[in-house]
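So the sequences go chain by chain: A and B.
Mapping of the first sequence onto this note's numbering: position 204 corresponds to residue 204, and the numbering continues sequentially without gaps.
Mapping of the second sequence onto this note's numbering: position 132 corresponds to residue 132, and the numbering continues sequentially without gaps.
Just below is one structure, and these are the notes that go with it.
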Amino acid sequence: MFELQEVIAQAAIAFQPWMIFVCLIGVTLGILWGAMPGLSTTMAMALLIGLSVGMSQHVAIMFMLGVYTGSVFGGAISAVLINIPGTPDAVPTMIEGHALAKRGEGGLALGTAIMGSFMGNWIGIILLIAFIPAILFLALQFRSWEMFLLSMWGIAICGSMSAGDMPIKGWISGWIGLLISFVGLDAIHGVPRFTFGVRILEDGISYIPLLIGLFGLTEILKVLPQYSPPGIPSEVGKIVPPMKKLIGYTRTAVRSGIVGTIIGAIPGAGANVASFLSYDIGRRRAKPEERKKWGKGSYEAIVSAEVANNANVGGSMLPTLTLGIPGNAAAAAILAALEMKNVVVGPTIQTENPGIIFFIYIGLIIANFLMYFMAIALIKPCVKLFSLPRTLLMPLIIPICVMGAFAVSLNYFDVYLMFIAGIAGYILHRFGFPLAPMVLAVILGPLADENLRRALLVFEDRTFWWIISERPIGTILIVIVLYTFYDGIFRRGKTA
Amino acid sequence: MADEKKSGIEADVESLEKGVFTGEEGGDERSSPRKDFIASVTVAALGIFAMILSVRLGNPESIYTAPGVLPFITGACLVVMAIGLFLKTKRRYGLDEMLAGDSLRAAGNYLSDPEARRTLALMGVIFAYVMILGQTDLDWRFKTAFYAFRFSGFELISIPFIFFILRFFWRSTLLNCFLVATGIVVFLAVVFRDGFQILLPGAG
């Protein structure tokens with residue numbers, strides 16, 4: 001009864017016209033951003049955090065949810081129309097959708113992608129709502145030792161999932177991030193760590209400028225020096241969201257939605273892994289006559305990929321909200337926006353921020369509906385955007401990086417930090433190191449550090465056997481962490 | 001370089017066709033045995049450096065709550081991982097290939113690539129932009145009956161720098177570059193400052 005009242009109260013806030021308008025702006029910006037080749041979802045999220053600084057708590061959340069939902073879909077537009085995926089997760093959609101566009105079925109392909117994205121978001125939201133209470137219940141059983149292990153698992157799995165066949169590079173990236181997170185005054189004794197006598201470093205390194213540098217400036221340095229001609233859009237034709245056609249793919253959609261949500265809930269694995277994996281599973285499970293169409297223009301393949309990468313949005317919110325561990329780099333930006341607005345994420349989210357979870361559910365639902373309508377409305381304007389060269393668009397993002405980094409704490413040191421992070425990100429990229437584990441580790445580092453030291457103090461007079469037998473959740477987590485390393489070193493290493 | 005971007009997409013398509021897992025941020029196609037060798041040495045040095053600094057942090061109370069506990073473990077892990085990266089690269093490519101070529105020639109090759117030169121130039125320009133903006137403190141206000149126009153260090157520094165970057169990369173006419181740079185910087189300043197009440201760097 002209490003919860004129903006809370007839901008109604010949050011719905012009353014979320015359905016205010018101003019809230020819907022802000023969400024609409026977020027969705028629009030997200031779709032346009034995602035549709036532009038070279039501008040990724042994470043980049044959109046990282047840069048637009050700066051814009052949310054001046055907003056109130058609910059408005060900022062609504063805005064960021066709109067951007068997230070919109071940008072994940074946006075990649076499909078350029079994938080279908082100009083054969084260049086706006087975001088990397090749209091590669092499967094590009095293979096199938098562009099083949100259909102060349103046959104004059106671009107409108108139908110985009111319609112399928114829109115419907116697939118809409119369904120994917122729904123599946124992600126439903127599974128998020130269904131699993132949050134269970135994960136929160138479990139998370140409340142966690143004490144210092146378990147929180148430390150969970151943080152370490154988050155960084156380890158993120159490293160594995162980001163770096164493909166070289167998980168060791170992902171782990172190195174994560175462990176460097178841990179070192180960065182230790183900079184500043186130590187939380188227990190107030191001892192300055194790794195500050196080298198620089199007073200400003202005693203406040204620690206904020207991860208928002210780092211996020212903007214790694215996913216904003218690094219992208220600019222990667223993309224702007226490439227001279228590439230603007231894409232030539234295919235004919236769109238009439239955009240038809242084919243309801244009847246999609247009913248035939250219900251099974252595929254549900255399977256892809258579950259895959260996308262589960263992948264989203266694993267730290268480090270985002271929309272790219274979700275859409276690639278779902279596409280691969282879909283191809284293996286397709287009927288023989290349908291399988292022949294895969295790679296040459298299959299609607300079922302578009303459903304597989306689009307449902308999965310959008311279901312990923314809901315999935316990524318699951319560990320972000322319940323454990324404080326972002327499901328992927330884009331979710332790290334959501335986490336940053338939430339923390340900036342004094343929302344304490346993690347096991348105590350419901351007690352410390354009553355109702356905020358319901359507001360996020362409702363926000364995701366509103367963003368999903370707006371995404372559906374705006375996607376249809378924005379496809380034709382997007383076609384015009386594709387004629388703009390990247391060499392025109394990318395320089396315009398540079399001041400946004402500077403403004404975003406400065407806006408968070410009105411400290412110009414953060415702008416220097418953003419610049420250093422951008423250069424470091426570019427060098428790491430050139431050496432084949434993924435960047436998401438580093439950001440995740442900077443977020444989780446203080447949590448891991450404080451909890452490890454507390455746990456060690458508790459375990460001072462205990463034997464190893466006591467720790468293993470009396471803390472079963474911790475023991476399970478140790479096994480999971482060890483398995484993650486084993487899987488990365490031995491199993492995936494062999495495929496390289 | 002458009003080709004490289006294209007080949008990145010093609011690599012994704014290929015991995016998709018083969019059902020090979022390339023990870024959320026793609027595979028290691030940009031790396032090379034020599035780069036991995038340099039990375040392993042650098043990471044090992046970083047790990048050792050972190051371990052030394054951690055030990056120097058001291059031990060105010062119990063060893064269990066010492067501020068250097070996790071930093072020391074992290075440094076040690078980095079050393080182990082660096083060894084792992086070294087061994088993995090050695091097993092995959094062989095020691096000769098890891099050590100082949102000299103660094104000066106590699107640097108020369110890098111600089112002979114036009115895209116690399118453009119990237120370095122861009123880094124230099126952005127560095128200058130960030131540094132000069134950081135030193136600027138300017139806020140001019142022109143109040144009218146309807147609106148208080150403001151011109152701060154942000155606009156003063158950003159417009160010429162964005163103009164320069166546009167001119168260098170976009171290669172449109174001077175007028176086009178100037179109009180786009182001015183338009184976008186003023187638009188962003190108005191949106192952030194007036195729309196969202198966010199202060200801008202450069203005293204804005």
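In this text, a Cβ means the ideal position worked out from N, Cα and C, and glycines have one as well.
Just so you know, these numbers come straight off a predicted model, no measurement behind them.
Counted as a single uninterrupted DSSP element, the alpha helix (DSSP H) harbouring W175/A occupies residues 167-181. Residue range 153-169 is occupied by the alpha helix (DSSP H) that includes F163/B.
Taking one beta carbon from each stretch, the region 338-352 of chain A and the region 131-140 of chain A have 3 or more pairs nearer than 8 Å; the two touch. Proximity to I123/A across G297/A, G314/A, F142/A peaks at G314/A, based on C-alpha coordinates.
Remark: C-beta atoms of V439/A and G177/A approach each other more closely than 8 Å.
Not flagged as an interface residue toward chain A: M51/B, since no C-beta distance is shorter than 8 Å.
In the DSSP assignment, the residues bridged to D139/B are S152/B. A337/A is positioned such that its CB atom lies closer than 8 Å to that of I61/A. When rounded, the separation of the alpha-carbon atoms in G268/A and P167/A is 12 Å. For I443/A and I155/A, the gap between their C-alpha atoms comes out near 10 Å. At a cut-off of 8 Å between beta carbons, P395/A contacts chain B. For the region 54-120 of chain A, the continuous alpha helix (DSSP H) assignments of 4+ residues that do not extend past its boundaries occur at 57-82, 91-102, in sequence order.
Annotation: the continuous alpha helix (DSSP H) that includes Q350/A extends over 349-352. By the C-beta density criterion, W33/A is buried, having at least 16 other C-beta atoms within 10 angstroms. Taking C-beta separations shorter than 8 Å and ignoring five residues to either side along the sequence, the partners of N368/A in its chain run T69, F118, N121, W122, I125, following chain order.
Residue contact check for M55/A against chain B: a CB pair falls below 8 Å. Within the model, the alpha-carbon separation for V479/A versus L447/A is close to 20 Å. Taking one beta carbon from each stretch, the region 395-407 of chain A and the region 35-55 of chain A have 3 or more pairs nearer than 8 Å; the two touch.
Residues of the region 361-394 of chain A with a Cβ closer than 7 Å to any Cβ of chain B, in chain order: P389, T391, L392. The criterion of a C-beta distance shorter than 8 Å is satisfied by G264/A and S316/A.
The beta carbons of S71/A and R454/A sit no closer together than 8 Å. Contact check for A39/B and F431/A: beta-carbon distance about 5 Å, within the 8 Å limit, so the pair qualifies.
A contact is defined here as three or more CB-CB pairs under 8 Å, and the region 278-285 of chain A fails this definition with respect to the region 325-343 of chain A.
Distance from the CA atom of V186/B to the CA atom of G84/B, rounded to whole angstroms, is 51 Å. Within 10 angstroms of the beta-carbon of M243/A lie fewer than 16 other beta-carbons, which makes it exposed.
L29/A is not a Cβ neighbour of V53/A, given a cutoff of 8 Å.
In this structure, A301/A keeps its C-beta atom at 8 Å or more from the C-beta atom of T261/A.
Leaving aside the five residues that flank A100/B on each side, none in its chain has a CB nearer than 6 Å to its CB. Between the alpha carbons of A436/A and S173/A lies a distance of about 8 Å.
In this structure, DSSP gives G268/A a state outside helix and strand, which the three-state scheme calls coil. Counting only residues of its own chain and dropping the five nearest sequence neighbours on each side, I212/A has a CB closer than 7 Å to the CB of A46, L47, C401, G404, A405, M418. For the pair of segments examined, the region 151-160 of chain B was found to touch the region 130-138 of chain B: the number of CB pairs separated by less than 8 Å reaches three. Residue pairing for L185/A: DSSP places it in a beta bridge opposite P192/A.
Between L122/B and P225/A the beta-carbon gap is near 6 Å, inside 8 Å, which marks them as a contact.
Classified as exposed, A12/A has fewer than 16 neighbouring CB atoms from the shown chains inside 10 Å of its CB.
Nearest C-alpha to K380/A among A187/A, L110/A, G170/A, T391/A: L110/A.
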